[in-house]
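Engineer: Here this note's numbering is used: the first residue of the sequence shown is 1, the next is one more, and so on.
All residues carry an ideal CB built from backbone N, CA and C; glycine is no exception.
The structure presented is a predicted model; accordingly, all values stated were derived computationally and were not measured.
Please read through the structure below; I'll follow up with questions.
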Amino acid sequence: MSRYDEEEHLSAPADDVHPNEVWAGWINEGKRPGSPLAAFAAQWEKKGSPLRQPLSELPMIIDTDIGDDPDDTFAIIAAARAVKNLTLVATCDEQDGRRASLARHVLSLVGRDEVSVVAGKELGNATSLSGLAIPSFEAPTDLVARVVSVAERTPGDICWLGLGPMSNLATLLRECPELAPRIRLIQMGGALKLGRSEHNIRLDVPAAQFVLSRVIRPKFVLLDTTAHEENALTEIH
Numbered sequence: 001m002s003r004y005d006e007e008e009h010l011s012a013p014a015d016d017v018h019p020n021e022v023w024a025g026w027i028n029e030g031k032r033p034g035s036p037l038a039a040f041a042a043q044w045e046k047k048g049s050p051l052r053q054p055l056s057e058l059p060m061i062i063d064t065d066i067g068d069d070p071d072d073t074f075a076i077i078a079a080a081r082a083v084k085n086l087t088l089v090a091t092c093d094e095q096d097g098r099r100a101s102l103a104r105h106v107l108s109l110v111g112r113d114e115v116s117v118v119a120g121k122e123l124g125n126a127t128s129l130s131g132l133a134i135p136s137f138e139a140p141t142d143l144v145a146r147v148v149s150v151a152e153r154t155p156g157d158i159c160w161l162g163l164g165p166m167s168n169l170a171t172l173l174r175e176c177p178e179l180a181p182r183i184r185l186i187q188m189g190g191a192l193k194l195g196r197s198e199h200n201i202r203l204d205v206p207a208a209q210f211v212l213s214r215v216i217r218p219k220f221v222l223l224d225t226t227a228h229e230e231n232a233l234t235e236i237h
């Protein structure tokens, strides 16, 4: 049982409750003076004013655990075709550079050879690239230096699109804490149903905790959305 359950502030939603109703309840809880969510929101407000620069104008860094699941591959293809300022693709939960090799191959296939690829942190997971024939690519590993280079070329904010564990971003913010106010984090991770362990958070919980204590107003796309049946790939969709 969580601390919120014990204090009757928040409780786990029933299986038949629509996610929108859950969100509405949590929003109302956040408006109640003295509630934990209200206190958390107040802390966010103290970190600075809202970041207003449109995302479409920002340089984008994709942080991905691309592998034998096709979701990150589709995301990279979509970004490569739609985002002019796609600047860097970093791989997380790396496996001896193989994820970086796959990302490099995908970007080359869609004509974005100018987008740099860097291999990020390994987390000891060796189960998600089995059987894939990946072209050889000697990926650089100087992740922090490459992100700093992007930041030095760009005076404003940077869009960080997280598609995997937050290990790379945590490493960056530990070494370069001054970049935290400039990071516009959009992260796939988490789930509405309490008690359900979502992969990207579960794989490196300390990294997620650290990042969320540093960045301003992160935006999450939850597993409830990405794994919804209406988003499934079928013969007709």
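What are the residues that DSSP puts in a beta bridge with Lys219?
Structural biologist: Here residue 219 refers to the residue found at position 219 when the sequence shown is read from its first residue. DSSP lists Ile186 as partners of Lys219.
Engineer: Rounded to a whole number of angstroms, what is the C-alpha to C-alpha distance between Gly48 and Leu222?
Structural biologist: Position 48 of the sequence shown, counted from the start, is the residue given in the question as residue 48. Position 222 of the sequence shown, counted from the start, is the residue given in the question as residue 222. Note on Gly48: pLDDT 48, under 50, position unreliable in the model; the coordinate value appears next. Cα-Cα distance, rounded: 25 Å.
Engineer: How about the region 59–68 and the region 158–171: do they share at least three Cβ pairs that are nearer than 8 Å?
Structural biologist: Yes, since at least three Cβ pairs between the region 59–68 and the region 158–171 fall closer than 8 Å, the two stretches touch.
Engineer: Is it buried or exposed, Leu109, if we count other Cβ atoms within 10 angstroms and call 16 or more buried?
Structural biologist: Numbered from 1 along the sequence shown, position 109 holds the residue referred to as residue 109. Exposed, because fewer than 16 other Cβ atoms sit within 10 Å of the Cβ of Leu109.
Engineer: Counting along the chain, where does the beta strand (DSSP E) carrying Ser116 start and finish?
Structural biologist: Walking along the sequence shown from the start, residue 116 turns up at place 116. Ser116 -> beta strand (DSSP E) spans Ser116 to Ala119.
Engineer: Under a CB-based cut-off of 8 Å, is Asn168 close to chain D?
Structural biologist: This model lacks chain D altogether, as it is built from one protein chain only.
Engineer: With DSSP run on the structure shown, which of helix, strand or coil describes Asp63?
Structural biologist: Taking the first residue of the sequence shown as position 1, residue 63 is located at position 63. It is a strand residue.
Engineer: Under the DSSP definition of a beta bridge, which residues are partnered with Thr91?
Structural biologist: The residue labelled residue 91 in the question sits at position 91 within the sequence shown. Thr91 pairs with Thr64 and Ala119.
Engineer: Assuming Val117 contacts Arg104 (C-beta within less than 8 Å), just tell me the rounded distance between them.
Structural biologist: The residue given as residue 117 occupies position 117 in the sequence shown. The residue given as residue 104 occupies position 104 in the sequence shown. About 5 Å separates the two Cβ atoms, so the contact holds.
Engineer: Look at the alpha carbon of Arg112 and the alpha carbon of Ala80, and state the distance between them as a whole number of angstroms.
Structural biologist: To locate residue 112, count along the sequence shown from 1; it is residue 112. To locate residue 80, count along the sequence shown from 1; it is residue 80. Computed Cα separation, rounded: 7 Å.
Engineer: Could you say if the region 178–188 and the region 83–94 meet the contact criterion of at least three C-beta pairs nearer than 8 Å?
Structural biologist: No: the two stretches stay apart, fewer than three of their Cβ pairs being nearer than 8 Å.
Engineer: Under the three-state reduction of DSSP, which class applies to Leu203: helix, strand or coil?
Structural biologist: Numbered from its first residue, the sequence shown carries residue 203 at position 203. If DSSP states are grouped into helix, strand and coil, Leu203 belongs with coil.
Engineer: According to DSSP, is Ile77 part of a helix, a strand, or is it coil?
Structural biologist: Locating residue 77 in the sequence shown gives position 77, where the first residue counts as 1. It is helical.
Engineer: Please report the Cβ distance between Ala151 and Leu173, rounded to the nearest whole angstrom; I am assuming they are in contact, meaning their Cβ atoms lie under 8 Å.
Structural biologist: The count along the sequence shown starts at 1 and reaches residue 151 at position 151. The count along the sequence shown starts at 1 and reaches residue 173 at position 173. At roughly 12 Å, the Cβ-Cβ gap does not stay under 8 Å, so Ala151 and Leu173 are not in contact.
Engineer: Please determine, among Ser101, Val83 and Ser149, the residue with the shortest C-alpha to C-alpha distance to Pro135.
Structural biologist: Taking the first residue of the sequence shown as position 1, residue 135 is located at position 135. Cα-wise, what sits closest to Pro135 is Ser101.
Engineer: Report all residues from its chain with a CB closer than 6 Å to the CB of Val137; omit the five preceding and five following residues, and keep chain order.
Structural biologist: Sequence index remark: in the sequence shown, residue 137 carries index 137 (1-based). Checking the displayed sequence, the identity of residue 137 turns out to be Phe instead of Val. The answer, listed in chain order, is Ser101 and Arg104.
Engineer: Tell me whether Leu173 sits in a helix, a strand or coil according to DSSP, three-state version.
Structural biologist: The residue labelled residue 173 in the question sits at position 173 within the sequence shown. In this structure, Leu173 counts as helix in the three-state DSSP scheme.
Engineer: DSSP three-state label for Leu161, please.
Structural biologist: Position 161 of the sequence shown, counted from the first residue, corresponds to residue 161. Note: Leu161 maps to strand in three-state DSSP.
Engineer: Flag Ile158 as yes when its Cβ comes closer than 7 Å to any non-hydrogen atom of the ligand PLP, and as no otherwise.
Structural biologist: Ligands are entirely absent from the displayed structure, and the ligand PLP is therefore not among its contents.
Engineer: Using a threshold of 8 Å, state whether the C-beta atoms of Leu86 and Gly120 are closer than that.
Structural biologist: In the sequence shown, counting from the first residue as 1, residue 86 sits at position 86. In the sequence shown, counting from the first residue as 1, residue 120 sits at position 120. Not closer than 8 Å, so no.
Engineer: Taking Ser167 as the reference, give the member of Arg182, Phe220 and Ala207 with the closest Cα.
Structural biologist: Working through the sequence shown from its first residue, we reach residue 167 at position 167. Cα-wise, what sits closest to Ser167 is Ala207.
Engineer: Whose C-beta lies closer than 6 Å to the C-beta of Thr141 among residues of the same chain, with five residues either side of it excluded?
Structural biologist: Residue mapping note: residue 141 aligns to position 141 of the sequence shown, counting from 1. Correct list, in chain order: Ala119.
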